[in-house]
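Residue 348 is where the sequence shown starts when you use the working numbering, and the numbers rise one by one after that.
Note that beta-carbon positions come from the ideal geometry of N, C-alpha and C, so glycine has one too.
Here's the structure, in structure tokens; my notes come after.
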Amino acid sequence: MNPTMAAVRAGVRRGGIELRNSFTNAQDLWNYFFPTVALLVTMFFMRGATVPGTSFSLGARTLPSALGMGIAFGGLLGLSQQLIVDREDGTLLRAKATPNGMFGYLVGKIVLLSTVSLIGLVLQLTPGLFFLDGIRVTEAGAWFTLAWVVPLGLVATLPLGAVIGSLIENPRNMGLVVMPVFGLIALSGIFYPINGYPGWLQAIAQVFPIYWLGLGTRSALLPDGLAAVELGGSWRHLETFGVLGLWAVLGLTLAPVVLRRMARRESGSRVAARREKAMQRVA
């Protein structure tokens with residue numbers, strides 16, 4: 348069998364095993380379900396507010412945005428956290444020691460995090476349909492848009508998460524990434540339209556994939572009339588595809604290079620040193 352195909356098959360199996368283990372781990376289940384419940388509770392209390400200039404529920408407008416945010420969050424932070432933890436406990440060193448092990452490892456993580464993101468999307472969307480009006484899920488166009496926005500969003504964010512995870516060695520330094528990501532979420536129109544923001548803030552928001560993922564999921568699940576409250580007064584599908592595509596190309600170009608350099612630096616002595624530091628922190 349072709350070595351690359353063997354690594355892909357091994358990675359897919361690894362991703363399936365990690366997914367199954369994840370759904371039998373109480374802490375992982377808490378991490379999956381608590382944000383979903385918190386989001387839905389927030390949407391429930393927002394359902395009475397309206398999008399400025401319309402009679403449409405702000406909660407119904409925010410739920411699709413939050414679905415896009417969840418995809419970006421899982422891609423940028425989920426994979427980076429996994430890489431950092433696995434590097435500290437020696438998992439990456441073991442993967443490096445096997446033929447095409449790093450490639451198989453990365454395939455497994457992509458399978459795991461993509462599946463978790465899709466499950467999270469369903470868990471958030473389904474209950475919201477019962478108390479939020481105006482979300483369209485019966486139209487073929489909605490599913491067609493989701494069918495390209497969601498995979499493209501994952502491709503645009505997962506490689507960037509791999510780059511971030513490769514550059515940060517200490518799990519305690521994740522705050523250096525988490526806080527800027529939360530800042531971008533605040534700027535990206537997830538919870539409120541950004542039309543009233545200064546032009547320079549709007550420009551910053553449109554550079555990064557979070558804004559475009561939120562816009563793409565809104566375009567899929569909201570009525571066409573809601574495009575009027577977006578920048579430019581339209582859903583801008585072409586721009587969404589272009590920006591997410593550029594981030595995907597950038598991530599796919601950088602991630603293999605950064606991962607290879609990170610893997611070359613890994614050794615038993617570095618893993619042992621990190622474990623000793625971790626034990627000292629616990630003590």
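Helix, strand or coil: how does DSSP classify Ser404 here?
Residue numbering aside, residue 404 sits at position 57 when the sequence shown is read from its first letter. The answer is strand: DSSP assigns Ser404 an E or B state.
Could you tell me the alpha carbon to alpha carbon distance between Leu523 and Gln429, rounded to whole angstroms?
Here residue 523 refers to the residue found at position 176 of the sequence shown. Here residue 429 refers to the residue found at position 82 of the sequence shown. If I take the Cα positions, the gap works out to 16 Å.
List the whole-angstrom C-beta distance separating Gly666 from Leu426, where the pair is believed to meet the contact cut-off of C-beta under 8 Å.
Absent from the model: residue 666. The displayed extent of the chain is 348 to 630, so no value can be given.
Assuming Ala602 and Ala503 make a contact with CB atoms under 8 Å, what is their CB distance in whole Å?
Sequence index remark: in the sequence shown, residue 602 carries index 255 (1-based). Sequence index remark: in the sequence shown, residue 503 carries index 156 (1-based). At roughly 12 Å, the Cβ-Cβ gap does not stay under 8 Å, so Ala602 and Ala503 are not in contact.
Should Val432 be listed as close to the ligand HEM, given that the test is whether its C-beta is under 7 Å from any heavy atom?
Only the bare structure without any ligand can be found here, which leaves the ligand HEM out of the picture.
Name, in chain order, the residues that DSSP records as bridge partners for Thr397.
Within the sequence shown, numbered from 1, the residue matching residue 397 stands at position 50. Paired residue(s): Ser404.
Determine the burial state of Gly563: buried for a count of at least 16 other Cβ atoms within 10 Å of its Cβ, exposed for fewer.
Position 216 of the sequence shown, counting from 1, holds the residue named residue 563. Buried, since its Cβ has 16 or more Cβ neighbours within 10 Å.
Going by CA-CA distance only, name the one from Gln374, Thr445, Asp433 that's closest to Lys456.
On the sequence shown, residue 456 is found 109 positions in, with the first residue counted as 1. The option with the nearest alpha carbon to Lys456 is Asp433.
Measure how close the beta-carbons of Gly406 and Leu479 come, nearest whole angstrom, since I'm counting them as under 8 Å.
Within the sequence shown, numbered from 1, the residue matching residue 406 stands at position 59. Within the sequence shown, numbered from 1, the residue matching residue 479 stands at position 132. Contact holds; Cβ gap of about 6 Å.
Is the distance from the Cβ of Trp559 to the Cβ of Thr587 below 8 Å?
On the sequence shown, residue 559 is found 212 positions in, with the first residue counted as 1. On the sequence shown, residue 587 is found 240 positions in, with the first residue counted as 1. Closer than 8 Å, so yes.
Note down, one range per segment and in chain order, each alpha helix (DSSP H) of at least 4 residues found wholly within the region 357 to 436.
The qualifying runs are 373 to 393, 405 to 420, 426 to 435.
Measuring CA to CA, which of Phe391, Val554, Phe403 is closest to Gly475?
Walking along the sequence shown from the start, residue 475 turns up at place 128. Out of Phe391, Val554, Phe403, Phe391 has the C-alpha closest to the C-alpha of Gly475.
With DSSP run on the structure shown, which of helix, strand or coil describes Ala444?
The count along the sequence shown starts at 1 and reaches residue 444 at position 97. Residue state, collapsed to three classes: coil.
Alpha carbon to alpha carbon, how far is Met352 from Glu613?
Working through the sequence shown from its first residue, we reach residue 352 at position 5. Working through the sequence shown from its first residue, we reach residue 613 at position 266. When rounded, the distance between both Cα atoms is 25 Å.
Which stretch, first to last residue, makes up the alpha helix (DSSP H) that contains Thr582?
As a first step, residue 582 is located in the sequence shown; it is residue number 235 there, counting from the start. Per the sequence presented here, residue 582 reads as Trp, with Thr not at that position. Segment: none, Trp582 is in no alpha helix (DSSP H) and carries neither H nor E.
Apart from the five residues on each side of it in sequence, which residues of its chain come closer than 6 Å, Cβ to Cβ, to Leu461?
As a first step, residue 461 is located in the sequence shown; it is residue number 114 there, counting from the start. The sequence given here places Ser at residue 461; Leu does not occur at that position. The answer, listed in chain order, is Leu501.
For Met393 and Ser404, I'd like the C-alpha separation in whole angstroms.
Within the sequence shown, the letter at position 46 stands for residue 393. Within the sequence shown, the letter at position 57 stands for residue 404. Their backbone Cα atoms lie some 8 Å apart in a straight line.
Straight-line CA distance for Leu410 to Asn349?
For the purposes of this step, residue 410 is identified with residue 63 of the sequence shown, where counting begins at 1. For the purposes of this step, residue 349 is identified with residue 2 of the sequence shown, where counting begins at 1. Going by the C-alpha atoms only, they are around 44 Å apart.
Look at the Cβ atom of Pro506, then the Cβ atom of Leu599, and state whether they are nearer than 8 Å.
Numbered from 1 along the sequence shown, position 159 holds the residue referred to as residue 506. Numbered from 1 along the sequence shown, position 252 holds the residue referred to as residue 599. Yes, the Cβ-Cβ distance between Pro506 and Leu599 is below 8 Å.
Ignore the nearest five residues each way along the sequence and tell me which others in Met449's own chain have a CB closer than 8 Å to its CB.
Your numbering for residue 449 matches position 102 in the sequence shown. Cβ neighbours of Met449 beyond the five flanking positions: Leu439, Ala442, Lys443, Leu606, Arg607, Ala610.
Do you know whose CA, among Asp375, Ile551, Leu468, lies nearest Gly530's CA?
On the sequence shown, position 183 is the one that residue 530 refers to. Of Asp375, Ile551, Leu468, the residue nearest in Cα terms is Ile551.
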